[in-house]
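Chemist: For the sequence shown, position 340 (counting from the first letter as 1) is numbered 351 according to this note's numbering, and the numbering increases by one without interruption. Below is a structure I'd like to ask you about.
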Amino acid sequence: MECAYDRGETCSAGFCDKDCIFKFILDIAHVGICVTDKDGNIKYMNPKYSEMFKFDIQEALTRNICYYFKNSKLMEVIRTGIPDMAMKFSFQGQDALVNRHPIIRNNETVGGIIEVYFRDINELNSLIRRMNSLEQKVRYYKRKAQALPGARYSFEDIVGNSETIRALRRKGAQFAKSSQPVLVLGESGTGKELVAHATHSASQRAGEVFISINCAAIPKDLLEAELFGYEEGTFTGARIGGKVGKFELADRGTIFLDEIGDLPLEMQAKLLRVIENKEIQKIGTSGPVYSDFRLVAATNKNLEACTADGSFREDLYHRLNMLALRVPPLRERSEDILLIAQHLLDNLEDKPQDYRILLGPKVKQLFDMYSWPGNIREMKNVLSYAVFSLEEGQGEVNLRNLPPYIIEKGVVLNQKSGAPAVSSLSHARQESEKEAILSALDQSGNNKAAAARLLGISRNELYKKLRRYGLGESRREEDPIG
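The following block contains the structure:
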């Protein structure tokens, strides 16, 4: 029988251009094999495959694979070009293993192959377990060799007992279970990166890499190469061997894009495609690279406003905003301020003292009333300054140890003595807070839930303040449910 190669044609089995002896070998194989074109149309089926599934070969050659197996995973393999190996399934009471391979020619996927094993399943499962174990060890040592980082924090490291922080920890732990992108929102210095680390630590990817990159810190011209990588020789000065991009490094782990609101528009379009397909296009290559990453993004910008003014893509915003976590500023969780301050004091790096340092009473009052526009980052800087200005043996931070600016901003000077009148300012702050609460209650028609939303605090916090200031009844029954 004249083979296709002798006629100068492509073999109908789709395997080779050289010799139809390969078809003969596959016909007598004890492994079930089925070959399709890129659309899933069956081009070859060996007798073993036909016997396994009771398919008629001649009829099968007129069918599509989805005719026999609805939503066949082979179509996903053909679409992505990524093999799907050693998947276990049951058919008519028998266990089997399936391998699915793409057929690639000239960097283009032209079809797919299905291999089915019904024999020696237990032996194959044992082999697969050993292979998986070896693969995990290879990945571990690869990370060690490349010094790839992991997450340093968990949700337990987020200090605070306020209701807003407890809710943040609860919601963050729930979101971590998903594989969808997480968007962390909050002012500068609130601890968005800590939340990103914690999200990774609470996820199923916790043992994998955590790659962090600040979108605002990388020059626009270098951002694409940093995120997606490039091949050797792509441009003048390109590194020998090329460069692996951050998204490729984050395979099976998490990539954290900080300050994503500063991403250029052209990069936003490319990022959206990467999120949707998990396929990375390196600079200088024609074929995609697949990466199973989980994305966490953060910004201090109002992305909704950015979409309105055209500086941020609306489709990317909606893709990122599925699971959003808002980190509250310090001024919205005043009950946490002193707790955080002491925690920072206890954990400051390189402090010269080897004993515990506490906050003095007047410093506590000042910290409690200060608005902290720079949030936790500013507080840490203030405390670092204070610790290094302590006298030898001094175990308490006093007002004189604080940076001058915070006293100038946060303390009203007593006109007669020129000394800081902390208690007077504290009283003024309380009066201002009471006025704000009364105004919110008036605007909301005395609806406590609505008033709390206007004030940017939780309903529980509002009830506490009502009791503290004696502002009428604070029974929860007054609020409508919902």
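Think of the CB as a built atom: it goes at the ideal place given N, C-alpha and C, for glycine as much as any other residue. This structure is a prediction, so every number in the text was calculated from the model and none was measured.
(1) Any idea which residues DSSP pairs Ser223 with across the strands?
(2) Give the DSSP-derived three-state secondary structure of Val206 in the structure shown.
(3) Would you mind reading off the limits of the beta strand (DSSP E) that contains Met56?
(4) Among the residues of its own chain, which have a CB less than 7 Å from the CB of Leu314, if the five just before and after it don't count?
(5) What does DSSP give as the partner residues of Lys182 in its beta bridges?
(6) Could you spell out where the beta strand (DSSP E) holding Glu119 opens and where it closes?
(7) By alpha-carbon positions, which one of Ile387, Ile417, Arg344 ends up nearest to Arg470?
(8) Closer than 7 Å by C-beta to Ile387: which residues in its own chain qualify, once you throw out the five before and the five after it? Chain order, please.
(9) Helix, strand or coil for Val285 per DSSP?
(10) Take His211 and list the residues in its own chain whose beta-carbon comes closer than 6 Å to its own, dropping the five residues that flank it on each side.
(11) Look up Met390 in the DSSP assignment and say whether it is helix, strand or coil.
(12) Do you know offhand how far Gln215's Cα is from Leu449's?
(13) For Ile468, which option in Asn57, Ser173, Phe66, Pro384 has the closest C-alpha, if you only look at C-alpha atoms?
(14) Would DSSP call Glu70 helix, strand or coil?
(15) May I have the straight-line CA-CA distance separating Gly404 from Leu356, to the nearest angstrom?
(16) Mapping DSSP to helix, strand and coil, what is Leu234?
(17) Under 8 Å: do the region 413-422 and the region 389-398 share three or more Cβ pairs, one atom per stretch?
(18) Looking only at C-alpha atoms, which of Val307, Leu276, Met278 sits nearest to Asp269?
(19) Across which residues does DSSP place Tyr241 in a beta bridge pair?
(20) Could you tell me the boundaries of the beta strand (DSSP E) in which Arg305 lies?
(21) Would you report the Cα separation of Asp347 and Leu370, rounded to the nearest angstrom?
(22) Between Ala309, Asp320, Gly253, Leu260, which has its C-alpha nearest Ile294's C-alpha?
(23) Specify whether the region 69-87 and the region 39-52 touch according to this definition: at least 3 beta carbon pairs, one from each stretch, less than 8 Å apart.
(24) In whole angstroms, what is the alpha-carbon distance linking Tyr151 and Gly218?
(25) Rounding to the nearest angstrom, what Cα-Cα distance links Asn225 and Ala213 in this structure?
(26) Is Leu238 closer than 8 Å to Lys257 when the C-beta atoms are compared?
(27) With DSSP as the reference, identify every bridge partner of Arg116, one or two as the case may be.
(28) Along the beta strand (DSSP E) that carries Glu193, what are the first and last residues, could you check?
(29) Taking the DSSP output, what are the residues bridged to Tyr301?
(30) CB-CB under 7 Å to Lys475, same chain, minus the five flanking residues each way: which ones, in chain order?
(31) Report all residues from its chain with a CB closer than 7 Å to the CB of Glu389; omit the five preceding and five following residues, and keep chain order.
(32) Measure the Cβ-Cβ separation of Gly43 and Ile89 and say whether it is below 8 Å.
(33) So is Asp453 buried or exposed if we call it buried at 16+ other beta carbons inside 10 Å?
(34) When you compare the CB positions of Glu259 and Ile229, do they come within less than 8 Å of one another, or not?
(35) So what does DSSP say about Asp50, is it helix, strand or coil?
(36) Just verifying my parser: in three-state terms, what is the DSSP assignment at Glu407?
Modeler: Answer, in terms of the structure:
(1) Phe267
(2) helix
(3) 53-56
(4) Gly272, Phe323, Tyr328
(5) Paired residues: none, contrary to the question.
(6) 119-128
(7) Arg344
(8) Gly200, Thr201, Gly202, Leu341, Ile351
(9) helix
(10) Ala162, Phe221, Thr265
(11) helix
(12) 46 Å
(13) Ser173
(14) helix
(15) 16 Å
(16) helix
(17) yes
(18) Val307
(19) Lys254, Ile294
(20) 305-310
(21) 14 Å
(22) Gly253
(23) yes
(24) Only weak support exists for where Tyr151 lies, its pLDDT of 48 falling under 50; the coordinates are left without a value.
(25) 22 Å
(26) yes
(27) Glu119
(28) The question names Glu, but residue 193 is Val in the sequence shown. Where Val193 is concerned, the enclosing beta strand (DSSP E) stretches over 193-196.
(29) Glu290
(30) none
(31) Gly200, Trp383
(32) no
(33) exposed
(34) no
(35) coil
(36) strand
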